[in-house]
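Number of protein chains: 2
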Amino acid sequence: MKIIIIGGSAAGMGAAAKLKRNTPDAEVVVYQKSSYVSLGACGLPYVIDGKVENEKDLLSRSIAEFEKSGIQVFTNIEITKVDFDNKIVYANGVKDKYDKLIIATGARPIVPSIPGVDGEGVYSLTTLEDGVEVRDKIAKNNSIKSVAIIGGGFIGVETSVSLINMNKKVNLIEMQDTLLSKSFDQDMIHHIEDELKINGVQVYTSTQVSEILLNDKKVCGVKFSNGKSIEVEAVILSIGFQPNTSFLKETKIKLMDNGAILVNTKCETNIKDVYSGGDCSSSKNYITGKDIYSPLATVASKMAKVIADNISNKNINYVGSIQSAMIKLFSKESARTGLTELQAKAEGIDYQTVLINDKNYPSYLKGQTDISLKLIMNKKSRELIGAQIIGSDNSILRINGIVSLIWAKTKVDSALEQIDMPYAPPFSRTQDILHIALSKLNK
Amino acid sequence: MKIIIIGGSAAGMGAAAKLKRNTPDAEVVVYQKSSYVSLGACGLPYVIDGKVENEKDLLSRSIAEFEKSGIQVFTNIEITKVDFDNKIVYANGVKDKYDKLIIATGARPIVPSIPGVDGEGVYSLTTLEDGVEVRDKIAKNNSIKSVAIIGGGFIGVETSVSLINMNKKVNLIEMQDTLLSKSFDQDMIHHIEDELKINGVQVYTSTQVSEILLNDKKVCGVKFSNGKSIEVEAVILSIGFQPNTSFLKETKIKLMDNGAILVNTKCETNIKDVYSGGDCSSSKNYITGKDIYSPLATVASKMAKVIADNISNKNINYVGSIQSAMIKLFSKESARTGLTELQAKAEGIDYQTVLINDKNYPSYLKGQTDISLKLIMNKKSRELIGAQIIGSDNSILRINGIVSLIWAKTKVDSALEQIDMPYAPPFSRTQDILHIALSKLNK
């Protein structure tokens, strides 16, 4: 059996490795657009301020290692056409026949169609080259004093920290009312926004960029739709991602509205023997069961295993994700999982929330820090469906306990109130923040 | 209704506070042996080395605060007799009648019956006065150079760290083959033992003390049962605890072999209208359902609420504990929950284990540290029944995720392998240590 994989990132290479472990004699061929594979793209913001000293370290496994395990990797080849009827993929000078195909082409940054967007000094942060460019041409470049980051999602916010660390004046511009609006509710996000502002980030929310101003083709500012403008010497686009599926548009493969390949719980597309996963495909919301687009490394690596296992006839379902994510900004840490309150409302769920402000450990020990937790519970099923936590010193790793409760669909009741979380003074309180929150929900 | 509570620690004061919240017009009377209530005894080791600057901070709520909420607190009164038939408690000069009685008298340190144990310079660590004594007479006393700590449980081990911090020569002596033998298996505990040794603690395992050597009634050494002896100027006893129930021995109340008051899941004793909880009573193992003795603050605070709720006719069951605990020793942190492998074996459970040594976050970020995780799974039910984790920088808070899985009795299968724990480079890996462990168990 010959399996062709288009794309050498988390989903593609994860599936390749698992396929070879499942079925050592399968023929596994990867076509990869760039010169490397297995980029840990989540590390790119840390390249900018030198927390990652050598950007090559972001490549978690080398091509040689994959080839040693019998996987054939062809780099610098972009598949431009698939003939699904005859099971053939095409690239410039390449024509290859598959038994099973995995499409794992990932995503690219959304580029807004505004004037000046193709000017010199406009960057994004997706590839290894992007990371190096932003580091060398912005962060380490003393002639660049001021930067605009367009889009206040995870990458925009992390990049703003890295550029502050490199002594840039940072303008973080978000269209929505708050930063990270898909991930945190308004009653939690102010902690994050305050931390950014305290550390010098100029945060513009409810602000749309209408034009990137150029001077002799070089970025010299951005203009807002309210007519105001600011001077900057560089722009980073971090609005979001769109799936790399334009080569499939004229085919019969079913796509979501944003172009993501629609897959079922087996990670199968609507075309027989064609699978997809990761940032180019749909995934599933574990709580609502709905098809969603969720370009996260954690989702990609799990879908990769499901694809490989199903090709190996193990009959595994991808059960979905709850968009768990965390972020460290200066000394403030935040994590989130499940639905936000806004999302619960939009889903028409009858929900109840609780928000607790407490401390990480007992007051008698020095160094106590703040911790805030918001829980969202489905009132009818009494299951937790979302959580947001903000703290410092890794105290937010507590959220793993809530992730498991959401995953297990545990009901909030007097037995759950008694959940036996470990306690010791340097870490937590006998009645820790989760217990306080659960007992409020259980009133 | 008049409720008398004997004992003013976690269980007693927790029940008192909850009773008043449930039923504001109930008459709640507390008799407490010492002059204070609500001691956070887990903080005592941190008094020794000054991490707790003011020992009074260990009293989480003052008597005045309790009295303000309508709870009557009588201090320095030790109840010496209970007439269960006539519902009367007695102390020197006190005779008081109850409708409901809560016995929450706590525990005292086990004192071994060896020669020299009543010498000058032998201490234990249970009361606030103990903490102050060990701090002032050992830790801050420059004439004390060398100390023996007898008993390598949590308190013994934590105290050894505090005394090293105060520049003492510390000899930590444990009868069993390993330290913390009820909490960690041999294949994990060596990390902890090594950390203690590296930091200067002289660890003696498989070693029994046969005599405390005295010179003019003062401690001058300890002698081992193998005939050897070491010179020390002070001894701390941390062998374990025995319930404070000797005043009940001649009554018809049912006790466990060690003297703990036997209670059911309502925290009721065998005598009508008499409840008990905390360090003086039995509790329940959540996994095996067996009555156990588990003198932990987390257990006491949960039983306290169950007692109060049942007196308030809320019909709540105490569902048990999984002996979750954590400990920080120098830069090494450890947490555990559920059954150890040894305990699973002793219970006759058909189990499977996995032990993973990994890192806390991706290698491309500086400051990566070691993390080790052991999971114990019931092979028949495929439920996790135990976990032990060792790491640093609060990375062990991950264990909360496993506590929830044990609590929810989640089966280890391909859906659980996909559990969506949050990931970001400063905290974790896309395929984090729990995922690696679960996928090994699910092979």
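Respectively, the protein sequence lines represent chains X and G.
Heads up: the first sequence is residues 702 to 1144, going by my numbering.
Heads up: the second sequence is residues 702 to 1144, going by my numbering.
Each residue gets a CB set at the ideal place from its N, CA and C atoms; glycine is no exception.
Within 7 Å, strictly: CB atoms of residue i and residue j
{"i": "Ile-865(G)", "j": "Gly-857(G)", "result": "no"}
{"i": "Val-1000(X)", "j": "Ser-983(X)", "result": "no"}
{"i": "Leu-1066(G)", "j": "Pro-1126(G)", "result": "yes"}
{"i": "Tyr-1052(X)", "j": "Asn-1079(X)", "result": "yes"}
{"i": "Asn-723(G)", "j": "Ser-1013(G)", "result": "yes"}
{"i": "Ala-1138(G)", "j": "Ile-1086(G)", "result": "no"}
{"i": "Asn-882(X)", "j": "Val-871(X)", "result": "For the sequence presented, residue 882(X) should be read as Ser rather than Asn. No."}
{"i": "Ser-907(G)", "j": "Ser-1105(X)", "result": "no"}
{"i": "Val-774(G)", "j": "Val-731(G)", "result": "yes"}
{"i": "Tyr-1019(X)", "j": "Thr-966(X)", "result": "yes"}
{"i": "Ile-811(X)", "j": "Gln-1024(X)", "result": "no"}
{"i": "Glu-1118(G)", "j": "Ile-1077(G)", "result": "no"}
{"i": "Ala-1109(G)", "j": "Thr-1111(X)", "result": "yes"}
Residue i versus the options, residue with shortest Cα-Cα distance
{"i": "Thr-828(X)", "options": "Lys-1080(X), Leu-1074(X), Gly-807(X)", "result": "Gly-807(X)"}
{"i": "Glu-728(X)", "options": "Lys-734(X), Leu-956(X), Ala-717(X)", "result": "Ala-717(X)"}
{"i": "Leu-873(X)", "options": "Asp-1010(X), Asn-842(X), Val-936(X), Gly-990(X)", "result": "Val-936(X)"}
{"i": "Glu-821(G)", "options": "Ile-913(G), Gly-771(G), Ser-847(G)", "result": "Ile-913(G)"}
{"i": "Glu-951(G)", "options": "Ile-705(G), Glu-1118(G), Thr-781(G)", "result": "Thr-781(G)"}
{"i": "Ala-840(X)", "options": "Glu-934(X), Val-1020(X), Lys-1046(X)", "result": "Glu-934(X)"}
{"i": "Asn-793(G)", "options": "Glu-1042(G), Gln-1044(G), Glu-779(G), Ile-972(G)", "result": "Glu-779(G)"}
{"i": "Ile-890(G)", "options": "Asp-878(G), Leu-745(G), Phe-785(G)", "result": "Asp-878(G)"}
{"i": "Gly-928(G)", "options": "Val-910(G), Gly-960(G), Gln-1044(G)", "result": "Val-910(G)"}
{"i": "Lys-801(G)", "options": "Phe-785(G), Val-812(G), Pro-813(G)", "result": "Phe-785(G)"}
{"i": "Val-902(X)", "options": "Leu-880(X), Ser-884(X), Asn-916(X)", "result": "Leu-880(X)"}
{"i": "Ala-711(X)", "options": "Thr-1131(G), Lys-869(G), Asn-1018(G)", "result": "Thr-1131(G)"}
{"i": "Cys-743(X)", "options": "Ser-736(X), Lys-752(X), Ser-735(X)", "result": "Lys-752(X)"}
{"i": "Gly-1068(G)", "options": "Leu-1135(X), Glu-754(X), Ser-736(X), Thr-1038(X)", "result": "Glu-754(X)"}
Cβ distance (whole Å) where residue i is taken to contact residue j below 8 Å
{"i": "Leu-760(G)", "j": "Ser-739(G)", "result": "5 Å"}
{"i": "Pro-746(X)", "j": "Glu-859(X)", "result": "4 Å"}
Residue i at chain G interface by Cβ criterion, 7 Å
{"i": "Gly-1102(X)", "result": "yes"}
{"i": "Val-753(X)", "result": "yes"}
{"i": "Thr-999(X)", "result": "yes"}
{"i": "Ser-983(X)", "result": "no"}
{"i": "Ile-1057(X)", "result": "no"}
{"i": "Asp-786(X)", "result": "no"}
{"i": "Gln-1119(X)", "result": "yes"}
{"i": "Lys-1144(X)", "result": "no"}
{"i": "Asp-980(X)", "result": "no"}
{"i": "Val-858(X)", "result": "no"}
Cβ-based neighbour list, residue i, same chain, cut-off 7 Å, excluding 5 preceding and 5 following
{"i": "Asn-945(X)", "result": "Thr-806, Gly-807, Ala-808, Arg-809, Cys-981"}
{"i": "Phe-1128(X)", "result": "Tyr-1062"}
{"i": "Tyr-994(X)", "result": "Met-957, Asn-959, Ala-961, Ser-983"}
{"i": "Lys-1033(G)", "result": "His-892, Ile-893, Glu-896, Ile-1091, Ser-1093"}
{"i": "Glu-756(X)", "result": "Val-748, Leu-829, Gly-832, Val-833"}
{"i": "Leu-1030(G)", "result": "Val-858, Val-862, Ile-893, Glu-896, Leu-897"}
Cβ neighbours of residue i in the same chain (closer than 6 Å, five flanking residues each side left out)
{"i": "Met-714(X)", "result": "Val-738, Ser-739"}
{"i": "Ile-1090(G)", "result": "Ala-1036, Leu-1074, Ile-1097, Ile-1100"}
{"i": "Tyr-799(X)", "result": "Lys-703, Ile-705, Lys-788"}
{"i": "Pro-816(X)", "result": "Glu-912"}
{"i": "Ile-1050(X)", "result": "Asn-1079"}
Proximity test, Cβ basis, 7 Å: residue i and chain X
{"i": "Tyr-737(G)", "result": "no"}
{"i": "Met-714(G)", "result": "no"}
{"i": "Asn-1095(G)", "result": "yes"}
{"i": "Gln-1132(G)", "result": "yes"}
{"i": "Thr-1070(G)", "result": "no"}
{"i": "Leu-915(G)", "result": "no"}
{"i": "Pro-944(G)", "result": "no"}
{"i": "Ile-1017(G)", "result": "yes"}
{"i": "Phe-885(G)", "result": "no"}
{"i": "Phe-1128(G)", "result": "yes"}
{"i": "Cys-921(G)", "result": "no"}
{"i": "Lys-1028(G)", "result": "Note on residue identity: the sequence assigns Ile, not Lys, to residue 1028(G). Yes, Ile-1028(G) lies at the interface with chain X (some Cβ there is under 7 Å from its Cβ)."}
{"i": "Cys-743(G)", "result": "yes"}
Below-7 Å beta-carbon distance, residue i vs any chain B residue
{"i": "Ser-1002(X)", "result": "Among the chains of the structure shown, chain B does not appear; the protein chains present are X and G."}
Close Cβ partners of residue i (< 8 Å) along its chain, the five nearest in sequence each way excluded
{"i": "Ile-1017(G)", "result": "Lys-967, Lys-1006, Val-1007, Asp-1010, Asn-1011"}
{"i": "Thr-989(G)", "result": "Leu-1040, Glu-1048"}
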